[in-house]
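Residue numbers are given in the working numbering: position 60 of the sequence shown equals residue 139, and the series is strictly consecutive.
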Amino acid sequence: MTAARGLGSAWNGTGRNDRALWGECRGRGTAVYRTAIDLDGPSYRCSCPSRKFPCKHALALLMRWSEGAIAESAPPDSVTEWLAARTAEAAPANEAPGEPAKTPDPATVRRRAERAAAGLDDLDRWLTDRIRSGLGSVDHSCSTYDDMAARMVDAQVPGIASALRGLAGVVATEVDWPARVLAEYARLHLLVVAYRKIDDLPGPLARSVHTHLGFPTRADDVRSEPAVRDRWQVLATRISEDSRLFTRKVWLRGRDTGRWAIVLDFAHGTARFPVETPPPGMLVDADLHFYPGAAPLRALAGTRHSVPEPFTTLPASLPGTAPDFDAALDEYARVLGADPWIRSWPMLLDSVVPVESSGAWHLVDRHGRALPLGGEDDTRWRLVAVAGGQPLTVCGDWDGTRLAPASLFTAGQEVSL
Numbered sequence: 080m081t082a083a084r085g086l087g088s089a090w091n092g093t094g095r096n097d098r099a100l101w102g103e104c105r106g107r108g109t110a111v112y113r114t115a116i117d118l119d120g121p122s123y124r125c126s127c128p129s130r131k132f133p134c135k136h137a138l139a140l141l142m143r144w145s146e147g148a149i150a151e152s153a154p155p156d157s158v159t160e161w162l163a164a165r166t167a168e169a170a171p172a173n174e175a176p177g178e179p180a181k182t183p184d185p186a187t188v189r190r191r192a193e194r195a196a197a198g199l200d201d202l203d204r205w206l207t208d209r210i211r212s213g214l215g216s217v218d219h220s221c222s223t224y225d226d227m228a229a230r231m232v233d234a235q236v237p238g239i240a241s242a243l244r245g246l247a248g249v250v251a252t253e254v255d256w257p258a259r260v261l262a263e264y265a266r267l268h269l270l271v272v273a274y275r276k277i278d279d280l281p282g283p284l285a286r287s288v289h290t291h292l293g294f295p296t297r298a299d300d301v302r303s304e305p306a307v308r309d310r311w312q313v314l315a316t317r318i319s320e321d322s323r324l325f326t327r328k329v330w331l332r333g334r335d336t337g338r339w340a341i342v343l344d345f346a347h348g349t350a351r352f353p354v355e356t357p358p359p360g361m362l363v364d365a366d367l368h369f370y371p372g373a374a375p376l377r378a379l380a381g382t383r384h385s386v387p388e389p390f391t392t393l394p395a396s397l398p399g400t401a402p403d404f405d406a407a408l409d410e411y412a413r414v415l416g417a418d419p420w421i422r423s424w425p426m427l428l429d430s431v432v433p434v435e436s437s438g439a440w441h442l443v444d445r446h447g448r449a450l451p452l453g454g455e456d457d458t459r460w461r462l463v464a465v466a467g468g469q470p471l472t473v474c475g476d477w478d479g480t481r482l483a484p485a486s487l488f489t490a491g492q493e494v495s496l
């Protein structure tokens, strides 16, 4: 595992679909190792000379997948041929090997479900043991959480692995870490219980459980969801980079429905994304297809019905309301009631002033009420500098404890943070 962790920045051409992972890892000199993983096995293939199985490249690829650092894409021909060969080997003698299956193989689906259930049972025992021992007396080192995260990757629930890896940082940096760790343990336990009762849950909530566990959703399946047409206002855009994987996050708000949407795009090597998105401050009449779930937020762009144009007024937090604290918090409570595992939800707050006092940051509204302000220090100081003590409108993500700002609007202008 240690050797695998050191390969985080060596990857290129990574991708995934609902069955496999693949990528190229740079070795010493000019060596490039081509790695592929069939998640139905799981089974591994790598061009490296290692005799270990799986090799460090396969482990590193699984770790990147668990961290959400591998974007969905079409597999290269070599991976397609390898998967087809494995399917043909597993096919009955009277079945045409080249004929694609119309539905997932029930045996494969059952094995994956059993693997996930076994992994989640291990997680629940681990959580119970730690709670019984007391948070102050158990090990919170990175290796402790990494070991359990690796078990979750093996169980093909990478969403759990990602959550576990973040906990060591919470313990090291947050003053109120016991409360935050306990809340995360409770969240994970609730997810385990929900998966055990997945067949009894309403369809949208069951899809949310699968999403939070990290089960893949094909883009084609999302595009088959009913289109939601609105005049979408682009409120913020942010591009981040991790080991040469660029992620673009776009905050959208429906002018007519007041509905939020987040569009994520990915690019390898350079920040050249396959789809052009209007910049913040623009409005576009378009269709969006939302990923299914109890509280749909992430979406894929569909048909555009107009040319983007600037907007001058901001949408309400909810139809018929003003973008204030009450409306925003009511919306968050409604969403949390529908999907108790959400990490954050967008907010749009009007007529607020950023205030810093003794190291504590808040957004204060016209009534003197305050919400904690998160984000990086330089982002918050930039917010203060632009505001100049005057009220402005802030767009960001609320995680239940603080708002991480993404953009602001003042005097009819958008400023990205």
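All C-beta atoms, glycine included, are put in the ideal place defined by N, C-alpha and C.
Straight-line gap, residue i to residue j (C-alpha atoms, nearest Å)
i       : j       : result
Ala-229 : Lys-135 : 13 Å
Leu-270 : Val-386 : 42 Å
Trp-330 : Pro-295 : 22 Å
Ala-234 : Ala-196 : 8 Å
Asp-203 : His-268 : 6 Å
Ala-365 : Leu-376 : 16 Å
Pro-359 : Gly-106 : 40 Å
Ala-258 : Trp-144 : 28 Å
Gly-218 : Val-111 : Reading off the sequence shown, one finds Asp at residue 218, where the question assumed Gly. Near 38 Å, if we compare the C-alpha coordinates of Val-111 and Asp-218.
Cys-474 : Pro-433 : 13 Å
Ala-490 : Val-288 : 42 Å
Gly-238 : Ala-439 : 32 Å
Glu-193 : Arg-461 : 50 Å
Ile-277 : Lys-131 : 37 Å
Leu-482 : Trp-420 : 17 Å
Lys-378 : Val-307 : Contrary to the premise, residue 378 reads as Ala rather than Lys in this sequence. Each residue's Cα considered, the two are about 10 Å apart.
Ala-285 : Val-301 : 16 Å
Leu-292 : Gln-469 : 43 Å
Ser-152 : Tyr-411 : 32 Å
Asp-344 : Thr-290 : 17 Å
Ile-210 : Ser-436 : 36 Å
Leu-415 : Arg-266 : 12 Å
Leu-243 : Tyr-224 : 6 Å
Ala-449 : Pro-185 : 53 Å
Pro-179 : Phe-488 : With a pLDDT of 47 at Pro-179, under the threshold of 50, the modelled position of this residue cannot be trusted; read the value that follows with caution. Between Pro-179 and Phe-488, the C-alpha separation is close to 51 Å.
Leu-118 : Gly-348 : 25 Å
Ser-241 : Met-231 : 9 Å
Arg-459 : Gly-467 : 12 Å
Ile-318 : Thr-114 : 27 Å
Ala-273 : Asp-444 : 38 Å
Thr-356 : Gly-381 : 12 Å
Leu-471 : Ser-430 : 5 Å
Where residue i sits in the DSSP three-state scheme
i       : result
Glu-320 : strand
Trp-330 : strand
Ser-423 : coil
Leu-462 : helix
Val-433 : It is worth fixing the name first, because residue 433 is Pro in this sequence and not Val. Three-state DSSP puts Pro-433 in a strand.
Thr-480 : coil
Glu-193 : helix
Val-301 : helix
Leu-487 : strand
Val-342 : strand
Ala-364 : Residue identity differs from the one stated: residue 364 is Asp in this sequence, not Ala. Here Asp-364 sits in strand by DSSP.
Asp-457 : helix
Gly-475 : strand
Asn-173 : In this prediction, Asn-173 scores a pLDDT of 39, lower than 50, which makes its location untrustworthy; no coordinate-derived value is stated.
Thr-356 : coil
Thr-187 : helix
One or two residues paired with residue i in a DSSP bridge
i       : result
Thr-336 : According to DSSP, Thr-336 bridges with nothing at all.
Ser-287 : DSSP lists no partner for Ser-287.
Val-443 : Val-432 and Ala-449
Glu-493 : Phe-488
Asp-279 : DSSP, once it has assigned bridges, lists no residue as partnering Asp-279.
Ala-306 : None, per the DSSP bridge assignment.
Ala-315 : Trp-330
Phe-325 : Glu-320 and Ala-346
Interface flag, residue i vs chain C, CB-CB below 8 Å
i       : result
Lys-276 : Going by chain labels, chain C is absent from the structure shown, which holds only one protein chain.
- prompt: What are the uninterrupted segments assigned as beta strand (DSSP E) that are 3 or more residues long and contained completely in the stretch 80-165, given in chain order?
  reply: If we require 3 residues or more, the beta strand (DSSP E) runs fully inside the stretch 80-165 come out as 90-95, 99-105, 111-117 and 122-125.
field: Segments assigned alpha helix (DSSP H), at least 4 residues, entirely inside the stretch 195-275
entry: Runs found: 221-233, 237-244, 246-252 and 256-275.
task: Examine the Cβ distances between the stretch 329-347 and the stretch 417-429 and report whether three or more of them are shorter than 8 Å.
output: Yes, they touch.
query: Quick one: complete beta strand (DSSP E) runs, 3+ long, within the stretch 366-415?
result: For the stretch 366-415, whole beta strand (DSSP E) runs of length 3 or above, ordered along the chain, are 378-383.
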